[in-house]
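First up is the structure itself, then whatever we jot down about it.
There are 2 protein chains.
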Amino acid sequence: MAAMANKAQRAPRRTEALSRDVIVQAAVAILDAEGEEALTLRALTVRLATGYGAIYHHVADRDDLLGAAADHVIGRVVADIGGVADPREALRAVAMGLFDAIAAHPWVGAQLTREPWRPALLDVYESVSANLHALDVPERAVPDSAGALVNYILGVAGQNAANARALAASKLDRETFLANVAARWAQLDPVRYPAMHKAGRHLREHDDREQFLAGIDLILAGIAAVNHT
Amino acid sequence: MAAMANKAQRAPRRTEALSRDVIVQAAVAILDAEGEEALTLRALTVRLATGYGAIYHHVADRDDLLGAAADHVIGRVVADIGGVADPREALRAVAMGLFDAIAAHPWVGAQLTREPWRPALLDVYESVSANLHALDVPERAVPDSAGALVNYILGVAGQNAANARALAASKLDRETFLANVAARWAQLDPVRYPAMHKAGRHLREHDDREQFLAGIDLILAGIAAVNHT
DNA sequence: AGAACTTTGGATCGTCGCTCCAATCATGCT
DNA sequence: AGCATGATTGGAGCGACGATCCAAAGTTCT
Numbered sequence: 001m002a003a004m005a006n007k008a009q010r011a012p013r014r015t016e017a018l019s020r021d022v023i024v025q026a027a028v029a030i031l032d033a034e035g036e037e038a039l040t041l042r043a044l045t046v047r048l049a050t051g052y053g054a055i056y057h058h059v060a061d062r063d064d065l066l067g068a069a070a071d072h073v074i075g076r077v078v079a080d081i082g083g084v085a086d087p088r089e090a091l092r093a094v095a096m097g098l099f100d101a102i103a104a105h106p107w108v109g110a111q112l113t114r115e116p117w118r119p120a121l122l123d124v125y126e127s128v129s130a131n132l133h134a135l136d137v138p139e140r141a142v143p144d145s146a147g148a149l150v151n152y153i154l155g156v157a158g159q160n161a162a163n164a165r166a167l168a169a170s171k172l173d174r175e176t177f178l179a180n181v182a183a184r185w186a187q188l189d190p191v192r193y194p195a196m197h198k199a200g201r202h203l204r205e206h207d208d209r210e211q212f213l214a215g216i217d218l219i220l221a222g223i224a225a226v227n228h229t
Numbered sequence: 230m231a232a233m234a235n236k237a238q239r240a241p242r243r244t245e246a247l248s249r250d251v252i253v254q255a256a257v258a259i260l261d262a263e264g265e266e267a268l269t270l271r272a273l274t275v276r277l278a279t280g281y282g283a284i285y286h287h288v289a290d291r292d293d294l295l296g297a298a299a300d301h302v303i304g305r306v307v308a309d310i311g312g313v314a315d316p317r318e319a320l321r322a323v324a325m326g327l328f329d330a331i332a333a334h335p336w337v338g339a340q341l342t343r344e345p346w347r348p349a350l351l352d353v354y355e356s357v358s359a360n361l362h363a364l365d366v367p368e369r370a371v372p373d374s375a376g377a378l379v380n381y382i383l384g385v386a387g388q389n390a391a392n393a394r395a396l397a398a399s400k401l402d403r404e405t406f407l408a409n410v411a412a413r414w415a416q417l418d419p420v421r422y423p424a425m426h427k428a429g430r431h432l433r434e435h436d437d438r439e440q441f442l443a444g445i446d447l448i449l450a451g452i453a454a455v456n457h458t
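From first to last, the protein sequence lines are chains A and B.
Numbering follows my numbering, in which position 206 of the first sequence is assigned residue number 206; successive positions increment by one, without gaps.
Numbering-wise, my numbering comes out as the position in the second sequence, counting from 1, plus 229.
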């Protein structure tokens, strides 16, 4: 019996699983600290004090690694939410969770738009669909409604990632960067671009997070309106 | 007089403007024919039978070129629409125009999510804002509403681009590729992933374009519902 | 005609993702 | 115990990329 227990203990795969996880964590650390394009295979070998072979043994290629890193971050978000009872609040919680995660790790936004259908996004899609179902949305209207919500979230995610890239590339602090953007918009011809011109003058009072949530509520209102006319 | 007419003809800038345009058109041709990653500077020098210096003289860098190519395609879409009177129909026309353009040139979708705030997107934003205004959406609700629409469009754009990339990478024809996706989804655990599991079995009857338009109508309904409760 | 400037082609650089292989290490078998 | 088999590692090297740079060719103005 003891012999059989030892046999079961050998667990040769643990090293691999452990190592892939270590690599993914290192990748997330680099991505968070220095951004998307700083994640090079060379940087990884330096940080992990290893060679290419070791990394490529656990990871298929750079895209695989980026995807795994995104799953790592998004997975936590979805897991952290489960317990919200009211479906409407649950939907807002999922959306806000994703928004906050992407605000904290902008590279995730870019990765999500580059590769939707990652495992982590499947959970998001399921969660949204389930909550819509709980909101009494008719079965056949669920896919379109869920698609609207998820695509909106992905759109905002991409935009946040792009903004973060631009901010990083400018090497300015957030304040002056936003001031520059506002100035450029305010300079637009107010006849040809009235809305953008105006937006340039109100950018100071603008809150991305609030606007995002307003969009979610708008879509939820639309779902409600369409379904019990 | 003839001499002065000749003098006026010199037009030293025409060569530059013409050349930048030629380069952008060549880039679009390559992108359409072989996809995003086939647009290398080397491929461009071959196609244009020139060297790096000539290209870099007219174009800042690869990103500049990609952006200009996207503007080139999107610009036509916005220009082609102007004449729709009914604001609701105009909004749908803008959205469908973008959708069709991105379906025809998937790389544009990726570029749009990577670099929003391109000139071409400003026109889109303006058009959407103006039409919302015409729909009697209150002034202060316009930015949020326009943001919801544009971000949704960008989300779908990114997704289309990702799907096109996956399709191209698989080297399968569209039919069997979709069948594979459907099969993979249908294989998902129907308890943990009921919605995706079900979607896998109905993918055949699914029309991206219809679903996209349904999302637009959903958001428009939400805008209407929120604003005259 | 010649000076000043623009435009062009291509050699070259540094970096990237990735492959490949020799070495090291762990494991199971006899 | 000792060997063999396979997993794991480090790093040299490859081809391709974006980008720079400069000498040659062309153009425009004096």
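Just so it is clear, CB atoms sit at the ideal spot from N, CA and C, and this is done for glycine as well.
query	result
Rounded C-alpha distance that separates A:ARG192 from B:LEU320	18 angstroms
Distance between beta carbons of A:GLY67 and A:ARG118, contact taken as under 8 angstroms	6 angstroms
Distance, B:GLY384 Cα to B:LEU277 Cα	34 angstroms
Reference A:ALA179, options A:ALA168, A:ALA161, A:HIS202, A:ASP189, closest by Cα	A:HIS202
Any non-hydrogen atom of the ligand PLP within 6 angstroms of B:VAL313 CB	For the ligand PLP, the structure offers nothing, since it holds no ligand at all.
Supposed close pair A:VAL24, A:ALA69 - CB separation, criterion 8 angstroms	6 angstroms
Euclidean distance between Cα positions of A:ASP207 and A:VAL108	20 angstroms
The segment 298–312 of chain B touching the segment 273–287 of chain B, judged by at least three CB pairs closer than 8 angstroms	no
Residues near A:ALA120 in its chain [Cβ-Cβ closer than 6 angstroms; skip 5 each side]	ASP71, ILE74, GLY75
Three-state secondary structure assigned by DSSP to A:PRO106	helix
Within chain B, partners of A:LEU122 - CB distance below 8 angstroms	LEU417, TYR422, MET425
B:GLY387 beta carbon less than 7 angstroms from that of A:GLY158	yes
Every unbroken alpha helix (DSSP H) within the segment 150–201 of chain A, with a cutoff of 4 residues, ordered by chain	174–186
A:GLU37 to B:ALA415 span [Cα, whole Å]	36 angstroms
Start-end ranges of the alpha helix (DSSP H) lying completely within the segment 293–369 of chain B, minimum 4 residues	316–333, 335–343, 348–363
Minimum Cβ-Cβ distance from A:VAL226 to chain B less than 7 angstroms	yes
Where B:ASP315 falls, given that 16 or more other Cβ within 10 Å makes a residue buried	exposed
Euclidean distance between Cα positions of B:LEU442 and B:PRO372	21 angstroms
Continuous alpha helix (DSSP H) stretch holding A:ARG42: start and end	41–48
Range covered by the alpha helix (DSSP H) that runs through B:ARG433	Premise fails: B:ARG433 is in no alpha helix (DSSP H) and is neither H nor E.
Enclosing alpha helix (DSSP H) for B:GLY467 [first to last residue]	The structure shown does not extend to residue 467 of chain B, since chain B spans only 230 to 458, so no value can be given for it.
Cα-Cα separation, B:ALA454 to B:ARG343	32 angstroms
Separation of A:ALA27 from A:LEU39, as counted between CA atoms	7 angstroms
Simplified DSSP state of A:ALA26, which is helix, strand or coil	helix
7 angstroms Cβ cutoff, B:GLU355 in contact with chain A	yes
Contact list for the segment 437–453 of chain B against chain A, Cβ threshold 9 angstroms	GLU439, GLN440, PHE441, ALA443, GLY444, ILE445, ASP446, LEU447, ILE448, LEU449, ALA450, GLY451, ILE452, ALA453
Candidates A:ARG165, A:LEU188, A:SER170, A:HIS228, of which the one nearest A:ALA104 by Cα	A:ARG165
Closer than 7 angstroms to chain B by CB, A:GLN159	yes
Cutoff 7 angstroms: A:ASP144 Cβ touching any chain B Cβ	yes
Simplified DSSP assignment, three categories, for A:ASP32	helix
B:ASP290 in three-state terms, based on DSSP	coil
Beta-carbon gap between B:ALA390 and B:PRO335 smaller than 7 angstroms	yes
Distance between beta carbons of A:LEU41 and A:ARG62, contact taken as under 8 angstroms	7 angstroms
Residue from A:TYR125, A:LEU167, A:GLU175, A:ALA169 with nearest C-alpha to A:TYR152	A:TYR125
Cβ of A:ALA26 within 7 angstroms of any chain B Cβ	no
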